[in-house]
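What follows is a set of notes on a single structure, which appears directly below.
In our numbering, the protein residues as written are 17 to 608.
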């Protein structure tokens with residue numbers, strides 16, 4: 017039973033016995049720093065029902081708790097706030113129950129509970145992954161890990177946009193300018209090679225547009241009449257009609273891209289349980305439209321197109337099938353969602369990690385699935401996130417000015433190396449150990465900086481700032497973890513025994529209280545789909561540990577029991593940091 021629950025039960029008993037009134041809810045908050053106490057009960061909500069002075073009510077409840085609850089040692093009342101002091105014995109006893117639990121805070125999935133599918137990444141196969149994809153991947157992966165830790169069974173998936181005009185542009189440019197180049201012949205990752213031809217197509221297309229405008233065409237006419245775009249459109253038709261040589265080239269170039277993506281995912285430390293491809297899913301959903309028409313959910317216009325009218329729900333009319341019978345993205349997304357539940361029958365909900373420019377699309381998608389009668393439609397969530405910008409401004413993939421994901425990861429490793437060498441933290445490391453450490457610090461800095469921001473917010477990513485060894489950064493937290501491991505290596509005595517009957521230093525108590533919050537933080541982060549809650553909790557824990565480390569002697573403590581207890585507490589904090597960072601996909605170094 018948690019402290020909150022125990023206190024609530026006894027406060028309800030106190031109010032019943034003292035005032036003969038039943039109350040359902042008790043409001044708690046953290047005790048303000050200037051007052052003594054570990055937790056504060058807000059008395060004001062009871063004043064009206066109990067018809068009394070808040071200070072008197074607080075004092076009566078406080079006296080009752082001290083008399084009837086061992087955990088409460090004393091209290092004080094300030095205005096309408098009852099500040100409750102919890103006994104040292106309670107914190108020591110709690111700590112002894114969790115100190116050897118290496119997965120404290122993590123919950124195993126319940127038997128028979130529905131799984132959650134988390135979709136993230138979902139790139140186009142005409143260019144490498146970029147900075148925006150990094151935020152997407154890190155958010156999706158982290159949310160999947162947090163949901164897992166909160167007690168859910170989780171499947172990670174993505175849908176790869178491997179068809180359409182954008183793919184044909186890269187293919188056409190390769191045919192024209194590629195001279196048979198391959199990733200093997202050029203030494204380039206396949207996604208980069210294909211991305212280069214996408215940029216090449218755009219250059220050629222713009223040149224043609226300029227020439228047509230010079231011949232007297234309007235810009236709109238030029239864009240439609242440029243030979244390159246007409247050839248790309250023809251290639252798309254050939255693909256849809258199954259022309260063998262087009263399909264062959266499409267398969268070859270897409271495979272180059274998949275191989276490149278796999279390398280980037282590995283370096284970034286994210287993975288997937290299943291993959292869906294738009295070339296397989298773009299026809300899905302068409303039969304669902306027929307079902308929806310029969311049920312009166314969809315309606316057919318005179319031109320043969322099929323729509324759903326959502327104006328009564330505060331949205332608009334949305335097309336689900338064109339007049340020529342072809343599907344739109346919405347149709348495809350309806351079909352893919354239904355297909356996923358067929359493929360994974362235990363799925364009871366899905367999380368879509370997609371930028372906030374698609375907010376409206378997902379409102380419509382979820383509502384349509386609900387109207388079609390799928391019970392799991394109530395458990396669909398759009399993990400909407402804001403754009404990432406660099407100090408230098410926005411990115412444009414057509415012009416080749418995008419911040420490439422691989423380049424950024426390499427840059428982060430180099431930045432970590434430069435800063436680490438300047439700080440002189442590398443005595444006694446081999447070159448191989450240094451390389452591993454620089455990557456751990458660089459990627460940790462990147463991931464933490466991305467994930468500490470609320471997903472919904474637009475963010476500015478500053479590589480230099482993210483690798484600072486002080487402040488709310490990944491390296492600062494990694495350094496604290498390494499410091500704790502150093503303490504544990506130096507502790508040449510038995511730390512497995514349980515210590516009880518200790519009078520705690522204020523800093524020890526604060527640290528235990530912070531560790532105690534971890535399970536609740538995981539559940540909140542899962543409920544809100546927010547890795548930022550884990551990241552900022554970890555920073556608060558590390559600040560609390562550093563304050564403890566500065567003010568309390570650990571290995572230098574003369575009292576043996578206190579020394580053992582402080583080492584155990586340090587170990588527990590280190591374990592919590594490691595587990596929290598695991599949920600963010602960040603590694604922690606044993607030495608730094």
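All residues carry an ideal CB built from backbone N, CA and C; glycine is no exception. Given the structure is predicted, the values throughout are model-derived calculations rather than measurements.
Within the continuous beta strand (DSSP E) that includes residue i, where are the two ends?
i           : result
residue 131 : 131 to 135
residue 173 : 170 to 176
residue 325 : 322 to 325
residue 259 : Residue 259 -> no beta strand (DSSP E), and no H or E assigned at all.
residue 514 : Looking at the DSSP string, residue 514 is not in any beta strand (DSSP E), and its letter there is neither H nor E.
residue 369 : 363 to 371
residue 398 : 396 to 401
Could you say which of the options lies nearest to residue i if we only look at CA atoms?
i           : options            : result
residue 349 : 326, 384, 503      : 384
residue 131 : 518, 284, 395      : 395
residue 429 : 284, 547, 584, 66  : 284
residue 65  : 89, 37, 86         : 37
residue 472 : 361, 399, 442      : 399
residue 536 : 389, 314, 162      : 162
residue 601 : 530, 492, 464, 555 : 464
residue 178 : 234, 89, 271       : 271
residue 261 : 274, 18, 188       : 188
residue 530 : 566, 593, 103, 56  : 593
residue 490 : 532, 293, 608      : 608
residue 455 : 488, 533, 432, 438 : 432
residue 274 : 358, 401, 138      : 138
residue 605 : 450, 35, 113       : 450
residue 282 : 377, 293, 35, 153  : 153
residue 104 : 521, 476, 377, 258 : 521
residue 92  : 48, 113, 236       : 48
residue 500 : 583, 339, 116      : 583
residue 397 : 466, 317, 236, 160 : 160
Report the CB separation of residue i from residue j in whole angstroms; it is logged as a contact under 8 Å.
i           : j           : result
residue 136 : residue 157 : 7 Å
residue 224 : residue 244 : 6 Å
residue 305 : residue 336 : 5 Å
residue 102 : residue 82  : Rounded, the Cβ-Cβ distance is 11 Å, inconsistent with contact.
residue 609 : residue 125 : Nothing about residue 609 can be read from this structure; the chain reaches only from 17 to 608.
residue 468 : residue 541 : Between residue 541 and residue 468 the Cβ distance is about 12 Å, and since that is not below 8 Å, they are no contact.
Could you please give me the residues that DSSP links to residue i through a beta bridge?
i           : result
residue 420 : 146
residue 100 : 55, 91
residue 316 : 322
residue 335 : 323
residue 293 : 176
residue 105 : Paired residues: none, contrary to the question.
residue 45  : 56
residue 404 : 475
residue 140 : 177
Which first and last residues belong to the alpha helix (DSSP H) in which residue i is found?
i           : result
residue 37  : Neither: residue 37 is in no alpha helix (DSSP H) and is coded neither H nor E.
residue 495 : 490 to 506
residue 237 : 235 to 241
residue 347 : 345 to 359
residue 303 : 302 to 310
residue 217 : 206 to 230
residue 582 : 576 to 599
residue 605 : Residue 605 -> no alpha helix (DSSP H), and no H or E assigned at all.
residue 197 : No alpha helix (DSSP H) holds residue 197; DSSP gives it neither H nor E.
residue 389 : That residue, residue 389, is in no alpha helix (DSSP H); it is neither H nor E in DSSP.
residue 456 : 447 to 467
residue 554 : 547 to 567
residue 80  : 70 to 84
residue 570 : Here residue 570 belongs to no alpha helix (DSSP H), and DSSP marks it neither H nor E.
residue 537 : 534 to 544
If you pair each beta-carbon of the stretch 286 to 299 with each one of the stretch 173 to 181, do three or more pairs fall below 8 Å?
Contact between the stretch 286 to 299 and the stretch 173 to 181 is present, with at least three C-beta pairs closer than 8 Å.
Counting beta carbon pairs with one atom in the stretch 64 to 79 and one in the stretch 92 to 108, are three or more of them shorter than 8 Å?
Yes: the two stretches touch, three or more of their Cβ pairs being nearer than 8 Å.
Please determine if the stretch 140 to 156 and the stretch 203 to 222 are in contact, where contact requires at least 3 C-beta pairs separated by less than 8 Å.
They touch, by the three-pair rule.
State whether the stretch 505 to 513 contacts the stretch 181 to 188, with contact taken as three or more CB pairs (one from each stretch) at a distance under 8 Å.
Contact between the stretch 505 to 513 and the stretch 181 to 188 is absent, because fewer than three Cβ pairs lie under 8 Å.
Given 8 Å, three or more beta-carbon pairs between the stretch 295 to 311 and the stretch 338 to 354
In this structure the stretch 295 to 311 touches the stretch 338 to 354; the number of beta carbon pairs closer than 8 Å is three or more.
Is the stretch 323 to 336 touching the stretch 209 to 218, taking contact as three or more C-beta pairs under 8 Å?
At 8 Å Cβ cutoff, the stretches do not touch.
Assess, as a yes-or-no matter, whether the stretch 115 to 127 is touched by the stretch 578 to 593 under the definition of 3 or more beta carbon pairs within less than 8 Å.
The stretch 578 to 593, when compared against the stretch 115 to 127, does touch it at the 8 Å Cβ threshold.
Three CB pairs or more closer than 8 Å across the stretch 363 to 377 and the stretch 304 to 323
As far as the Cβ criterion goes, the stretch 363 to 377 does not touch the stretch 304 to 323, which means the pair count is below three.
For the stretch 515 to 535 against the stretch 478 to 496, are there 3 or more C-beta pairs whose distance is under 8 Å?
Judged by Cβ distances under 8 Å, the stretch 515 to 535 makes no contact with the stretch 478 to 496, as fewer than three pairs qualify.
Could you say if the stretch 189 to 204 and the stretch 563 to 581 meet the contact criterion of at least three C-beta pairs nearer than 8 Å?
The stretch 189 to 204, when compared against the stretch 563 to 581, does not touch it at the 8 Å Cβ threshold.
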